[in-house]
Amino acid sequence: MAKGVKIALAGEGGQGVQSVAMILTEAAYAMGKEALYIPNFGVEQRGGVSVAFVQIDDEKIGSPKFKTADIVVALSDRAVRRTTMYCDQETLFFYDDNIEDVEEDLPKNSKKVVALPAIKVAKEELHPRVFNVVVMGAVIGATGVVTEEKAKEALESKLGYKFEQNPELREMNFKALQRGMEIVKEVM
Amino acid sequence: MSVQPQMPKSWRSETKPHKFCPGCGHPLILKALGEVIDELNIADRTVFGCDIGCSLLAWDFFNVDTIQTHHGRTTPVIVGLRRANENVIGIAYMGDGGGYAIGSQHLVNSAARDEKVFVLLANNTQYGMTGGQMAPTTLPGQKTETSPYGRDTELTGPPVQGPEMVAAISGENAYVARGTVGNVRQLKKFIKKAIQNVMEGRGFAFVEALSLCPTNWRTNAEDTWKFVEKDMATYFKVGEIKVPGEKKEG
Amino acid sequence: MTKPIEGEKKVFMTGNEVVAWAALAAGAEIMYGYPITPQNEIMHYWTRMAPKYGRKFLQTEDEISAGFTCTGGVLAGKRAFTATAGPGNTLMQEPMSMAEMMRIPTVLIVCQRGGPSTATVIYSQQETTMTCYGGNGEGFRIVYSTATHQELFDYTIKAFNTAWKYRFPTFVLGDGYQSKMRESLSIYDPEARNIEMVRAEPYVVKGGVPGENRDPAHLRNTYNMEEELYEVIMDHAREYEKIAPEIIEYEEYECDDADVLLVAHGVVSRAAKGAVKELRQDGKKVGHFKPVTLRPFPEKELLERAKAAKQVIVIESAYGQLDKLVKSHLYGCSTPIAQYFRPGEGITIEEVVQETKKYL
Ligand SMILES: Cc1ncc(C[n+]2csc(CCOP(=O)(O)OP(=O)(O)O)c2C)c(N)n1
Ligand code: SF4
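As structure tokens, this is what we get:
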């Protein structure tokens, strides 16, 4: 990775986009890279779309927010509508293929628009709860910003206390990460 | 949407569904208030003031002229308005932080001057909008973001008894009550009597409503209701506290 | 009791967490505060950690009270601080004006949000004028504007020392972005870097018996005659001007041969610096000047750079608050000054590049 990567992740509250951003940047930080993560926040967050702005680079990072992203990931219909503003000709736009009635709203100008079967994979093969980890795997697969190993370590440090109680959870999260990395290769 | 029939006429349908969290107490209080505005047919002369706190989310809630003010400053804005136009029915709506902490001087002095305004206050035992810090009404031992080890009354005092305080400093023509979203019919009755008190130019009116904040209490539906009906009721007595020339209810 | 930080360590955290750690490391003994976004988590971290190190916290009924209780803590001889934002900063100006008059070394962390009024809880640089010159005074205050988490940590510690050394109220001017974003930095025990903390001393109850073996403290802020007030203020002014050269801090980036000089403070300077880096790669002679202290302002240093340039551009997330400061300090300089104002909105590298190209 020569140049830095800018990623905007968006979803409904509870879809876990902020956790993905957090784990991703912690993994990058652990690899000795520069990482910066800032959530959106306002007075009506509770009902609003949750957006995480992530930047990972080899050099010091400039402004905390950005106008356009290299990668946008939208996990709900409202998130799709909210994030098209972060797209330009360089942007890779991912949305979950489970989202309905957004064809009209998908960005027209971006480099590529890709439907990810993250919800489907999580539901059918794993557990709906690890849906966000599948998404994280997809982002890692598409960008190579962090290694699988560091991502696993970051998951461990964030969720280790849960893994202790239930080791199956660890397996499931690691599997979700892998599957995410795989599906993105399949659909790109 | 087809839930329209339940909506008070004074509610602005264009801004529904409202912006409060699911399970929040604010909309229950505002429903009672909306129905009273309908019943008294006063939408044309009512001015609704909302504070900064989750009450600010009600800035476009009613088909009633509305002013969003500053945190704690709704009472003086409405008082100033009512002083300048006596035809106005002024309602100041706020949270417990807005009324009992930052705006307490305004509540105390407006009550003491017997201003002809109605102050309606939602007590959810903490600061909702800013993410759940301790408020004057936080229960002893209750964990909040700024009392992470539980409220220590030795260091921070006991929960503020708002209506009792207002009753103690206001004149004999003031109306003071504490209702709860656990009994909306009664709450509505209190709100109606409070508005009538200022409509008739009799005196100050104050109603505290025990409210719900599942988001910051981090409770499910069952525990939310348990908290308001059991825990809060232990410290905050529901009923009328001061009724001009009348027998109290509750 | 163990130290909050042993030696030095690398961490990845939010700015609000950084401030809480810095205050702990600096030996702050008590925080006073009132909730407001985006400052809240400073209190949240403080209330969780402080009791473990024997430090205290008081949540007050509003910011007027948070500011005045903080002056009380300082008068008692404690390293005391408070933190606020936006409309809370407005209310803070009354106590800070008393601190200015009575030379009370309070430390206030400001997490700027949108203004005026309640506006947004997010971000801006619109509290620059108020933090530098708020209240009915002359702005005899020290204001550090930070751009990175490292600076936030360094200058929060330094603020306690500057305040107690010079006895002027001291401010760390951050913003909502810095409060909420996560990035890496080194946190450290000041001792590990040979930073000596200036001793805090009581103004009252200093031991002894007033009138017997010491003079009583008679602290005031009210004067009977114009002449008296004039003397007091002129004393403050002389003192402030004398110490200013020791306090002033700034950063220059590629300024040596710069034709176009970008002036920005706080988080916006990250965009300015990024833009300079990019434009330099195309061989454009662009440089960036960042005042770290806004009060006192690095006047001489900026003037020198501005005179050597062909164009100055002031870039800020406000409508001319830094611009006003810059212009007042560049009096007599004939280099044209242009503006890029985005009140209440973040500024990116791309925007600055685009804007700067207009002048190249
Ligand atoms: C002067 C000032 N200080 C602080 C704030 C931040 N603030 C916004 S809402 C709020 C508290 C909300 O709590 P409450 O009044 O109890 O109402 P709730 O949100 O619980 O309904 C605070 C402290 C502000 N807007 N202005
Ligand atoms: S935070 Fe609490 S008071 Fe505010 S809208 Fe949500 S539930 Fe209601």
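Chains as they are written, first to last, in the working numbering: chain V, 668 to 855; chain R, -4 to 245; chain H, 9 to 368.
Cβ coordinates follow ideal geometry from the N, Cα and C atoms, glycine included.
What you are looking at is a predicted structure, and each value in this text was computed from that prediction instead of being measured.
*Measure the CB-CB distance between residue 4 of chain R and residue 33 of chain R and report whether it falls below 7 Å.*
To locate residue 4 of chain R, count along the second sequence from 1; it is residue 9. To locate residue 33 of chain R, count along the second sequence from 1; it is residue 38. Less than 7 Å divides the Cβ of residue 4 of chain R from the Cβ of residue 33 of chain R.
*Would you say residue 86 of chain H and residue 208 of chain H are within 7 Å of each other, going by their C-beta atoms?*
Taking the third sequence and counting its residues from 1, the one referred to as residue 86 of chain H is at position 78. Taking the third sequence and counting its residues from 1, the one referred to as residue 208 of chain H is at position 200. Here residue 86 of chain H is near residue 208 of chain H, since their CB atoms are less than 7 Å apart.
*If you measure from the beta carbon of residue 364 of chain H to each beta carbon in chain R, is any gap under 7 Å?*
Within the third sequence, the letter at position 356 stands for residue 364 of chain H. Taking a beta-carbon distance threshold of 7 Å, residue 364 of chain H does not count as an interface residue toward chain R.
*asked:* To be precise: take each residue of the region 181 to 209 of chain H, compare its Cβ to all Cβ atoms of chain V, and keep it if any distance is under 7 Å. Which residues remain?
replied: If the cut-off is 7 Å between Cβ atoms, the region 181 to 209 of chain H has 185, 188, 189, 190, 191, 192 near chain V.
*Based on the DSSP secondary-structure assignment, which residues constitute the bridge partners of residue 193 of chain H?*
Here residue 193 of chain H is taken as the residue at index 185 of the third sequence, counted from 1. DSSP, once it has assigned bridges, lists H:19 as partnering residue 193 of chain H.
*Examine chain H for any beta-carbon lying closer than 7 Å to the beta-carbon of residue 717 of chain V, and answer yes or no.*
Numbered from 1 along the first sequence, position 50 holds the residue referred to as residue 717 of chain V. Residue 717 of chain V does not count as touching chain H.
*Taking C-beta to C-beta, are residue 91 of chain H and residue 130 of chain H nearer than 7 Å?*
By one-based count along the third sequence, residue 91 of chain H stands at place 83. By one-based count along the third sequence, residue 130 of chain H stands at place 122. Contact flag unset, no.
*Extent of the continuous alpha helix (DSSP H) run through residue 52 of chain H*: Stepping through the third sequence from its first residue, residue 52 of chain H is reached at position 44. Run containing residue 52 of chain H: 48 to 57, per the alpha helix (DSSP H) assignment.
*If you drop the 5 nearest sequence neighbours on each side, which residues of the same chain put their C-beta closer than 7 Å to that of residue 350 of chain H?*
As a first step, residue 350 of chain H is located in the third sequence; it is residue number 342 there, counting from the start. Only 325 meet the Cβ criterion.
*Per DSSP, which residues does residue 301 of chain H bridge with? Please list them.*
Mapped onto the third sequence, residue 301 of chain H falls at position 293. Answer is H:152, bridged to residue 301 of chain H.
*Among R:210, R:47, R:222, the one whose alpha carbon lies nearest that of residue 96 of chain H*: Against the third sequence, residue 96 of chain H aligns to sequence position 88. Among R:210, R:47, R:222, the Cα nearest to that of residue 96 of chain H belongs to R:47.
*At what residues does the alpha helix (DSSP H) containing residue 313 of chain R begin and finish?*
Coverage of chain R is limited to positions -4 through 245, which leaves residue 313 of chain R absent and any answer about it impossible.
_Rounded to whole angstroms, what is the Cα-Cα separation between residue 668 of chain V and residue 346 of chain H?_
Working through the first sequence from its first residue, we reach residue 668 of chain V at position 1. Working through the third sequence from its first residue, we reach residue 346 of chain H at position 338. Model confidence at residue 668 of chain V stands at a pLDDT of 36, short of 50, so the residue's coordinates are unreliable; what they give is reported in the following sentence. Rounded to the nearest angstrom, the gap between the Cα atoms of residue 668 of chain V and residue 346 of chain H is 37 Å.
*Which residues, taken in chain order from the region 346 to 360 of chain H, show a beta carbon closer than 8 Å to some beta carbon of chain V?*
Flagged, chain order: 354, 355, 356, 357, 358, 359.
_Reference residue 266 of chain H, options H:274, H:285, H:60, H:178, closest by Cα_ = The count along the third sequence starts at 1 and reaches residue 266 of chain H at position 258. Answer by Cα proximity: H:285.
*Cα-Cα separation between residue 105 of chain R and residue 680 of chain V, rounded to whole angstroms*: Translated into the one-based positions of the second sequence, residue 105 of chain R becomes position 110. Translated into the one-based positions of the first sequence, residue 680 of chain V becomes position 13. Approximately 41 Å, taken between the alpha carbons.
*asked:* For residue 139 of chain R, list the residues DSSP reports as bridge partners.
replied: Stepping through the second sequence from its first residue, residue 139 of chain R is reached at position 144. Paired residues: R:142.
_Assigned exposure category for residue 150 of chain R - 16 Cβ within 10 Å defines buried_ = For the purposes of this step, residue 150 of chain R is identified with residue 155 of the second sequence, where counting begins at 1. It counts as exposed.
*Consult DSSP for residue 772 of chain V and reduce its assignment to one of helix, strand or coil.*
Translated into positions along the first sequence, residue 772 of chain V becomes position 105. Helix, per DSSP.
*Kindly list the residues whose CB is nearer than 6 Å to the CB of residue 24 of chain H, restricted to its own chain and excluding five residues on each side of it in sequence; keep chain order.*
Mapped onto the third sequence, residue 24 of chain H falls at position 16. So the list reads 49, 50, 187, once near-sequence residues are dropped.
*Determine which residues of the region 51 to 76 of chain R have a Cβ less than 7 Å from any Cβ of chain H, and write them out in chain order.*
Answer set for the region 51 to 76 of chain R: 65, 66, 67.
*Under the criterion of a Cβ to heavy atom distance below 6 Å, does residue 130 of chain R qualify as lining ligand 1?*
As a first step, residue 130 of chain R is located in the second sequence; it is residue number 135 there, counting from the start. Placement of the Cβ of residue 130 of chain R at a distance of less than 6 Å from at least one heavy atom of ligand 1 is found.
*State yes or no: is the beta carbon of residue 431 of chain H nearer than 7 Å to at least one beta carbon in chain V?*
Look at the range of chain H in this structure, 9 to 368, and you will see that residue 431 of chain H is not part of it.
*Beta carbon of residue 91 of chain R: closer than 6 Å to some heavy atom of ligand 1?*
Mapped onto the second sequence, residue 91 of chain R falls at position 96. Taking 6 Å as the cut-off, one finds at least one heavy atom of ligand 1 near enough to the beta carbon of residue 91 of chain R.
_beta-carbon residue 15 of chain R near ligand 2 non-hydrogen atom, thresh 6 Å_ = Position 20 of the second sequence holds residue 15 of chain R. True, at least one ligand heavy atom lies under 6 Å from that Cβ.
*Does any residue of chain V bring its CB to less than 7 Å from the CB of residue 278 of chain H?*
Within the third sequence, residue 278 of chain H is the residue found at index 270, counting from 1. Judged by the 7 Å Cβ criterion, residue 278 of chain H is in contact with chain V.
_With a threshold of 8 Å on Cβ separation, who are the neighbours of residue 310 of chain H within its own chain once the five nearest residues in sequence on each side are excluded?_
Here the question's residue 310 of chain H lines up with position 302 in the third sequence. Around residue 310 of chain H, the same chain offers 258, 271, 297, 299, 334, 337, 338 as residues with beta carbons nearer than 8 Å, after the five sequence neighbours per side are excluded.
*Completely contained alpha helix (DSSP H) runs for the region 75 to 123 of chain H, where each covers 4 or more residues*: Within the region 75 to 123 of chain H, the runs of alpha helix (DSSP H) at least 4 residues long that lie entirely inside it are, in chain order, 94 to 110.
*Run down chain H in chain order and give the residues with a C-beta less than 8 Å from the C-beta of residue 705 of chain V.*
Taking the first residue of the first sequence as position 1, residue 705 of chain V is located at position 38. Going along chain H in sequence order, the residues near residue 705 of chain V (Cβ under 8 Å) are 185, 188, 189, 190.
*asked:* Please give the ranges of any beta strand (DSSP E) in the region 237 to 324 of chain H, keeping only runs that are unbroken, at least 3 residues long and fully inside the region.
replied: Those beta strand (DSSP E) runs which fall completely within the region 237 to 324 of chain H and span 3+ residues are 258 to 261, 268 to 271, 294 to 299, 301 to 303, 319 to 324.
*Starting from the Cα of residue 18 of chain H, find the closest Cα among V:688, V:849, V:697 and give me that residue.*
By one-based count along the third sequence, residue 18 of chain H stands at place 10. Of the candidates V:688, V:849, V:697, the residue whose Cα lies closest to the Cα of residue 18 of chain H is V:697.
_Cβ neighbour criterion (16 or more within 10 Å) applied to residue 362 of chain H_ = Numbered from its first residue, the third sequence carries residue 362 of chain H at position 354. Exposed.
_Would residue 273 of chain H pass as an interface residue toward chain B - the criterion being a Cβ-Cβ separation below 7 Å?_
Structure shown: chain B not included; protein chains present are V, R and H.
*Please check if any C-beta of chain R sits within less than 7 Å of the C-beta of residue 57 of chain H.*
Locating residue 57 of chain H in the third sequence gives position 49, where the first residue counts as 1. So no, residue 57 of chain H is outside the interface.
*asked:* Quick check: is the beta carbon of residue 45 of chain H nearer than 7 Å to any beta carbon in chain R?
replied: By 1-based counting over the third sequence, the position of residue 45 of chain H is 37. With a threshold of 7 Å between beta carbons, residue 45 of chain H makes contact with chain R.
*asked:* So with CB distances below 8 Å, who are the chain H contacts of residue 143 of chain R?
replied: For this step, residue 143 of chain R is matched to residue 148 along the second sequence. 52, 55, 56, listed in chain order.
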